[in-house]
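For reference, each letter of the sequence shown is one residue, going 1 to 307 in UniProt numbering.
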Amino acid sequence: MEATIRDHPLWASASEEEIDCAVEGLEKYVMTKLFSRTFGSSPEDARIDREISEKVLLLQNFLRPEHLDIPAVFNNEASWLNELFPPQLAEKELLKINAFRAPREKLVCILNCCRVINNLLLNASISEDRVPGADDFLPANPPKLHSNLKYIQLYRRQAKLVSEAAYYFTNLVSVKTFIIDLDANSLSIGEAEFQESMQAARLARRRTRIEPSHASDEIAASAFPPLRMPSYVKLADSFLTMDEMAALGGLTDAKTSTSGSNYPFMEVEPGELTVRDVEKLLTLYKDVVKKYTNLCEAVKRSSLSNK
1 MEATIRDHPL WASASEEEID CAVEGLEKYV MTKLFSRTFG SSPEDARIDR
51 EISEKVLLLQ NFLRPEHLDI PAVFNNEASW LNELFPPQLA EKELLKINAF
101 RAPREKLVCI LNCCRVINNL LLNASISEDR VPGADDFLPA NPPKLHSNLK
151 YIQLYRRQAK LVSEAAYYFT NLVSVKTFII DLDANSLSIG EAEFQESMQA
201 ARLARRRTRI EPSHASDEIA ASAFPPLRMP SYVKLADSFL TMDEMAALGG
251 LTDAKTSTSG SNYPFMEVEP GELTVRDVEK LLTLYKDVVK KYTNLCEAVK
301 RSSLSNK
């Protein structure tokens with residue numbers, strides 16, 4: 001692609017910076033349009049994403065710095081309290097990765113996260129006269145980690161995966177592999193203790209999945225009380241036939257409408273919408289409101305006529 005741009009007469013007098021910006025813009029445009037078809041598109045990628053996320057959630061219940069042989073100088077929480085680079089900033093930077101679609105922007109999230117961590121490690125090691133290494137980087141738990149890394153690896157320009165970008169990207173790929181293969185032999189912990197801790201974490205995870213569901217049901221019940229039909233509506237007598245519905249204004253083509261074929265956005269994800277779709281969505285919204293209003297009036301008239 002870059003060679004095609006360089007060979008084109010329109011770019012004959014362009015500088016290296018201009019060509020680079022053009023290629024970056026083209027990469028962003030193409031990959032943003034193809035994102036839904038290229039990012040995490042296979043069931044295998046989705047499975048690996050779930051396994052990594054689930055394993056990190058389990059490990060967070062019992063894993064401690066000493067299990068990873070992290071030096072004591074980095075175990076002191078006070079050494080991480082830095083006004084310029086708070087540790088939460090690194091996590092936030094990495095979690096931003098799913099807010100972007102272009103490979104370059106996703107890679108920038110990784111770079112920003114690693115730079116924050118590197119500064120924290122350097123500050124924490126000053127008193128010990130020790131330079132931190134790659135093993136001191138602690139992983140967060142961003143959703144779809146595997147899919148993000150694979151996406152960057154496949155679609156980011158290889159000429160840009162060099163130097164600092166390549167170093168930090170390789171570190172995160174290593175972190176992903178470490179998490180997938182992690183067992184008792186990877187940690188300073190006994191096999192029995194590791195298995196017991198993992199089992200306890202699984203049980204705790206199941207409880208947290210069950211308990212919130214009851215709480216959410218109670219909240220929903222209090223926030224949204226059951227809907228009550230008006231007294232003049234008799235449900236048994238209020239159902240309209242398809243012919244009656246079609247005869248009402250604004251309810252034409254009722255048979256095709258119920259199937260959803262008249263609403264092309266029913267199965268569309270938010271990220272797939274474009275600015276051009278706004279006008280269509282507004283038209284469909286008005287159509288739905290009109291049909292709903294007419295239906296309510298029809299039900300009301302039908303119930304009153306049956307009295």
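Think of the CB as a built atom: it goes at the ideal place given N, C-alpha and C, for glycine as much as any other residue. Keep in mind that this is a model prediction, so the values were computed, not measured.
Does DSSP put residue i in a helix, in a strand, or in coil?
i	result
F178	helix
T274	coil
V162	coil
L284	helix
D183	coil
N141	coil
N118	helix
F169	helix
I189	coil
E279	helix
E269	coil
H146	helix
M1	coil
L10	helix
N98	helix
I70	coil
K290	helix
S42	coil
Q153	helix
N112	helix
S238	Reliability of the predicted coordinates at S238 is poor, the pLDDT of 43 falling under 50, and the value obtained from them is presented with this limitation in mind. S238 falls in the coil class under three-state DSSP.
S15	coil
L57	helix
L63	coil
P103	helix
L304	helix
L295	helix
Taking C-beta to C-beta, are residue i and residue j nearer than 7 Å?
i	j	result
V116	A99	no
I152	L107	yes
S174	F62	no
S36	E279	no
I52	L145	yes
P71	R156	no
Is it right to say residue i is buried, meaning 16 or more other beta carbons lie within 10 angstroms of its own, or is it exposed?
i	result
H8	exposed
D183	exposed
P143	exposed
Y168	buried
M31	buried
S303	buried
V299	buried
A3	exposed
C113	buried
F265	exposed
L282	exposed
Below 7 Å CB to CB, which residues in the same chain sit around residue i once its five sequence neighbours on both sides are set aside?
i	result
L172	I110, L149
L26	M1
R50	none
F39	S147, Y151
R205	L57, L58
E24	R104
D45	H146, S147, K150
R101	M31, T32, F35
I48	H146
C296	none
Near residue i, which residues of its chain fall below 6 Å by C-beta distance, leaving aside the five closest residues on each side in sequence?
i	result
L95	P142
D69	S188
By Cβ distance below 8 Å, which residues in the same chain neighbour residue i in space, the five residues on each side in sequence not counted?
i	result
A22	I5, W11, A14
R202	L58
S259	Any answer about S259 is weak, because its pLDDT of 45 lies below 50 and its placement is not dependable; what the coordinates show is given next. For S259, where only same-chain residues beyond five positions count, there are no Cβ hits under 8 Å.
K92	none
H67	L187, S188, I189
D181	none
S97	A small fix is needed here, since residue 97 is Ile in this sequence, not Ser. Once the five neighbours on either side are set aside, the close Cβ partners of I97 are K106, C109, I110, P142, N148.
Is residue i close to the ligand NAP? I mean its beta-carbon at under 6 Å from any heavy atom of the ligand.
i	result
V268	Absence of the ligand NAP from the depicted structure is noted, as is the absence of any ligand whatsoever, leaving it without description.
For residue i and chain B, any beta-carbon pair shorter than 7 Å?
i	result
R6	Protein chains in the displayed structure number just one, and chain B is not present.
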